[in-house]
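K.L.:
Protein chains in written order, with the working numbering: chain D, 34 to 136; chain Y, 21 to 494; chain H, 32 to 527.
1) Does chain Y have any CB closer than 9 angstroms to the CB of residue 51 of chain D?
2) Determine, using beta-carbon pairs with one atom in the stretch 79-98 of chain D and one in the stretch 37-45 of chain D, whether at least three such pairs fall under 8 angstroms.
3) Against chain D, with Cβ distances strictly below 9 angstroms, would residue 220 of chain Y count as a contact?
4) Going by DSSP in three states, residue 298 of chain Y sits in which element: helix, strand or coil?
5) For residue 158 of chain H and residue 286 of chain H, I'd like the C-alpha separation in whole angstroms.
6) Is any beta-carbon of chain D found at less than 9 angstroms from that of residue 162 of chain Y?
7) Between the beta-carbon of residue 343 of chain Y and the beta-carbon of residue 134 of chain Y, is there less than 9 angstroms?
8) Which residues of chain D have a Cβ atom closer than 9 angstroms to the Cβ of residue 503 of chain Y, listed in chain order?
9) In three-state DSSP terms, what is residue 361 of chain Y?
10) Short of 7 angstroms Cβ to Cβ, which residues in the stretch 53-79 of chain D face chain Y?
11) DSSP three-state label for residue 67 of chain D, please.
12) Is it the case that the Cβ atoms of residue 233 of chain Y and residue 324 of chain Y are separated by a distance below 9 angstroms?
13) Cβ of residue 9 of chain H less than 9 angstroms from any chain Y Cβ?
14) Check whether the Cβ atoms of residue 101 of chain H and residue 156 of chain H lie closer than 9 angstroms to each other.
15) If we define contact as Cβ-Cβ less than 9 angstroms, is residue 85 of chain D a contact residue for chain B?
16) Closest to residue 499 of chain H by C-alpha separation, out of H:511, H:168, H:184 and H:359, would be which residue?
17) Which ranges does the beta strand (DSSP E) cover as unbroken runs of at least 3 residues, wholly within the stretch 193-268 of chain H, from first to last along the chain?
18) Using the Cα positions of residue 201 of chain Y and residue 68 of chain D, report the straight-line distance between them to the nearest angstrom.
19) Taking 9 angstroms as the CB-CB limit, is residue 199 of chain H close to chain Y?
20) Mapping DSSP to helix, strand and coil, what is residue 432 of chain Y?
21) Quick one: grab the DSSP three-state call for residue 526 of chain H.
22) So, helix, strand or coil for residue 507 of chain H, using DSSP?
23) If you measure from the beta carbon of residue 392 of chain Y to each beta carbon in chain H, is any gap under 9 angstroms?
24) Count the other CB atoms, across all protein chains shown, that sit within 10 Å of the CB of residue 526 of chain H; report buried if there are 16 or more and exposed otherwise.
25) By DSSP, does residue 101 of chain H sit in helix, in strand, or in coil?
26) Under a CB-based cut-off of 9 angstroms, is residue 122 of chain D close to chain Y?
27) Report the residue ranges of all alpha helix (DSSP H) runs contained in full by the stretch 236-316 of chain Y; include only those spanning at least 4 residues, in chain order.
28) Taking only beta-carbon atoms, is residue 527 of chain H less than 9 angstroms away from chain Y?
29) With a threshold of 9 angstroms between beta-carbons, can residue 265 of chain H be considered close to chain Y, or not?
30) Comparing the C-beta of residue 488 of chain Y with each C-beta of chain H, is any distance below 9 angstroms?
31) Report the rounded CA-to-CA distance for residue 283 of chain Y versus residue 276 of chain Y, giving the unit in angstroms.
32) For the alpha helix (DSSP H) containing residue 18 of chain Y, name the first residue and the last one.
33) From residue 459 of chain H to residue 408 of chain H, what does the alpha carbon distance come to, in whole angstroms?
34) Between the Cα of residue 148 of chain Y and the Cα atoms of Y:130, Y:161, Y:160 and Y:162, which residue gives the shortest distance?
35) Quick check on residue 120 of chain Y: does DSSP put it in helix, strand or coil?
Here it is as structure tokens:
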């Protein structure tokens, strides 16, 4: 049995990234889209940590991953506040309800 | 960290302190005027600190930030832009019945994010600044919560900005894999490896989104339309200016323009932005959407400076951006000044006969539009002249033809608005009965107009400053 | 500094007239009239004191944008001087012609009018190429506003079309100027936009042709040459009287002036390669313009279309490029400015009385306005080239010069003269002769109109009878063009 190496992490990250992207494109529910965005960031985080351990050998990647976790939390906080307002106005979190602007 | 480091960091420190001061003031007493003036005073102090620290040599502060004259110039531009937005916002928010004070916490924080972007010497700092800017903008775009448009705009911006910054983080991870560090430079990114190339491409998605370049521009018209007019001005100028400065620095520290594929890609993006932005603006009856599309084209023009030789391209970019800041902020300022409490004055019909109803606002808007169109005796002409000069000098004929074509198209829609301004006033009531302009708004617009014309008439001092500051090697 | 005053006088008068009109519109009009006359007088004094040696009567150079090698430098030679005289005269005519016609926003109107005149003056004086471009674009905005605000029913369309065409040509000119200066910088190491230094920049044949075409694009739009003319009938017919006078009399001349001033001296090698095609285009324009004029049923559109035909002679003269033809082109510009400018003023006077310039709604005006009829006949005859009046001298010289280069084209161009008789007489017949249309009995010329028309008539007769003074004034410029052409033809192939 081969030990877990860089490749495995990269494949996992790639799968997560694709899943996140698909979620963002397909979902119409705002919360679902937000989850997709989180998946994207987590895919990036896994990459950062894997490279930090296996190829770069510096801690830069790990530090950035920590920051990304914090930033993602902040983003979600604001996002949820906006979605709450959206919900109270449209009685739904379906983003297609916001279709005022065209052209 | 030494005292000199601290002095170099002073603009950042003061801007952050401004946000904290407003926050404390808000907990003590809720007064719109107090919050606004604290914010404006803090930003003004930050600008003053840049001017006083002009003699400092480039300083690296930890591995994250570098404060050199390039960063100082763009910091000054960002802070001045934020200050104008703060003053314009005061008049804009005054008419609206809601709590305004938190707005003046978010605005300096967004400015801090932009400052971090222009000072960053490391992808980590860049991503931090980018996210700080984005998160503040989500809240600022949705700030009014009165119309349907603003929440919709905020949701759109939120989703797309979230996705694009995830791309940027992913790109940073790939670049990190290639070189083992997140710091910019020295040049040596192995562009032959697919990992590094994919990293650059993913980073480009993040940058291209903030710059609203084709094909990452879809959010622009909706967000500009839905956001409060001063914030639309902020997104068009400060946020774009900061990211553009970063792109300029990154491309040259990594020497990415030595690679033919990247030149080709940027050329294609620039030409597409100029043409698509201008063509899409043609059909707009909504002034904010029209300005949004025109801003796409303007960043397309700016890429000429990015692709031209550094010695001419960098000053050209700085001049063009300065002129663009003045004209865009002025145009959105007029839109804001005409807006009613319930809706922004964004229909073309709102502007019919403005020259006879509100001569000052009409004159200001005329000057701004002429500058955006690049006509002489406005700052826009000096910008366009330097830009075309750098382009001709580097023989970028394809981009220059796109610029000429785009400019001619743009004349058409700028003239549409201009023609509306001077329309014979209708006999009936005007479509929009705009409130009186508060004096801070008038002062800000006057400042922008005077600066615009002064630079157009006598650009030598600005060019000197730019030669000294914005061109420095790093 | 005299040159600076020539530009500042109209500009400052316009700035002062804007607020002055709030107090007394008459004061604003008087101020602008005085400024135009002052310009005329200064130019006349300069003419009297013309030095006998050298091309340049006066030059001026002030620093402007040193970082880009741009200076605020002006110069004046006989060619510029003639056009400045024309500017002063037509400026006064434009103010007088709108004396009673403009009642709304008098101050802003005069500001725009005078700003246009200042821009035109600057174009005729600029020595730095970027400064030339600045003035070139500068006259655009006030003229746009003149048409947009005070124009006819389709003014927005006409004004936008005018702006778009000119701007498109202008941007190519800017590219051309920058490319020329950068080539010069690579050869000599100094970045300059000074006309006198850029002359003699060595260009490879293909470079020369491209740059020449870029310059020509801007000038051919303004002139206008056939194919680039669609803006002209709309702009002229929709503009207010003063706007039409300035457009036809001066703005079109800016195109002709640009050709004379820049094309030959800057690109003597490339010039002959373009010349045959340009001459053919000119002749086509002469014939097309005349045919177009015949087909119009609007008085102002008719006069405007005839301009295309007349300006074709300028293009023909410039590209025939011998001394006779170049001198002829200069005289055609002056003569066309005097006659067509006045014809537009007359059309404006008719419009003011009868509120139409449609030929179907005009007719038999001679009975009520014999004096106006007589004056119009005079200027129509001057326009179609009656010997003894201004138009004859210029077109005759151009034809003589063109005959030396290409007899066929000269013969075709003279057919344009015959056509001009046809459309001119049609104009007289439809407007003044024939049965009377409408009930009104318009009053004949007022004292103010008599004054302005008789001055213009005197100038027309003077240029027609004693063209030598005009020819003398432009001779040094024309001889220098001849010299640079023959130098270039004699010189070996330019360095790439």
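Yeah, the Cβ is synthetic: ideal placement off N, Cα and C, and Gly gets one too. These numbers come from a predicted model, not from an experiment.
P.N.:
If we stick to the structure as given:
1) Judged by the 9 angstroms Cβ criterion, residue 51 of chain D is not in contact with chain Y.
2) In short, these stretches touch, since the Cβ pair count reaches three.
3) Cβ-Cβ to chain D under 9 angstroms: no for residue 220 of chain Y.
4) Reduced to three states, the DSSP call for residue 298 of chain Y is helix.
5) Residue 158 of chain H and residue 286 of chain H have their C-alpha atoms some 16 angstroms from each other.
6) Interface residue (Cβ-Cβ distance to chain D less than 9 angstroms): residue 162 of chain Y is classified as such.
7) The answer is no: Cβ separation not under 9 angstroms.
8) Residue 503 of chain Y lies beyond the range of chain Y shown here (21 to 494); nothing can be said about it.
9) If DSSP states are grouped into helix, strand and coil, residue 361 of chain Y belongs with coil.
10) Under the 7 angstroms Cβ criterion, the stretch 53-79 of chain D contributes 57, 63, 66, 70, 73, 74, 76 and 77.
11) Helix, per DSSP.
12) Going by C-beta atoms, residue 233 of chain Y is not nearer than 9 angstroms to residue 324 of chain Y.
13) Summary: the structure shown does not reach residue 9 of chain H, with chain H confined to residues 32 through 527, and so no result is reported for it.
14) No Cβ-Cβ contact shorter than 9 angstroms links residue 101 of chain H with residue 156 of chain H.
15) The structure shown contains no chain B; its protein chains are D, Y and H.
16) Of the candidates H:511, H:168, H:184 and H:359, the one whose C-alpha sits nearest the C-alpha of residue 499 of chain H is H:359.
17) Within the stretch 193-268 of chain H, no complete beta strand (DSSP E) segment of 3 residues or longer occurs.
18) One C-alpha to the other measures close to 29 angstroms.
19) Yes, its Cβ sits closer than 9 angstroms to a Cβ of chain Y.
20) Helix, per DSSP.
21) Note on residue 526 of chain H: pLDDT 43, under 50, position unreliable in the model; no value is reported.
22) In the structure shown, residue 507 of chain H sits in a helix (DSSP, three-state: H, G or I).
23) Using beta-carbon distances, residue 392 of chain Y does not count as an interface residue toward chain H, since no partner is under 9 angstroms.
24) A caution first: residue 526 of chain H carries a pLDDT of 43, below 50, which makes its placement in the model unreliable, though a value can still be read off. Exposed, because fewer than 16 other Cβ atoms sit within 10 Å of the Cβ of residue 526 of chain H.
25) DSSP, read as helix, strand or coil, puts residue 101 of chain H in strand.
26) By this cut-off, residue 122 of chain D is an interface position.
27) Counting only unbroken stretches of 4 or more residues, the alpha helix (DSSP H) elements lying wholly within the stretch 236-316 of chain Y are 239-246, 249-254, 260-273 and 280-302, in sequence order.
28) The predicted model places residue 527 of chain H with a pLDDT of 40, which falls under 50 and marks its position as unreliable; any figure quoted below should be read in that light. So no, residue 527 of chain H is outside the interface.
29) Taking CB atoms only, residue 265 of chain H has no neighbour in chain Y less than 9 angstroms away.
30) At a cut-off of 9 angstroms between beta-carbon atoms, residue 488 of chain Y makes no contact with chain H.
31) Distance between the alpha carbons of residue 283 of chain Y and residue 276 of chain Y: 8 angstroms.
32) Residue numbering for chain Y in the displayed model covers 21 to 494; residue 18 of chain Y lies beyond these limits and cannot be assessed.
33) Straight-line Cα distance between these residues: approximately 7 angstroms.
34) Per the C-alpha coordinates, the member of Y:130, Y:161, Y:160 and Y:162 positioned closest to residue 148 of chain Y is Y:130.
35) Reduced to three states, the DSSP call for residue 120 of chain Y is coil.
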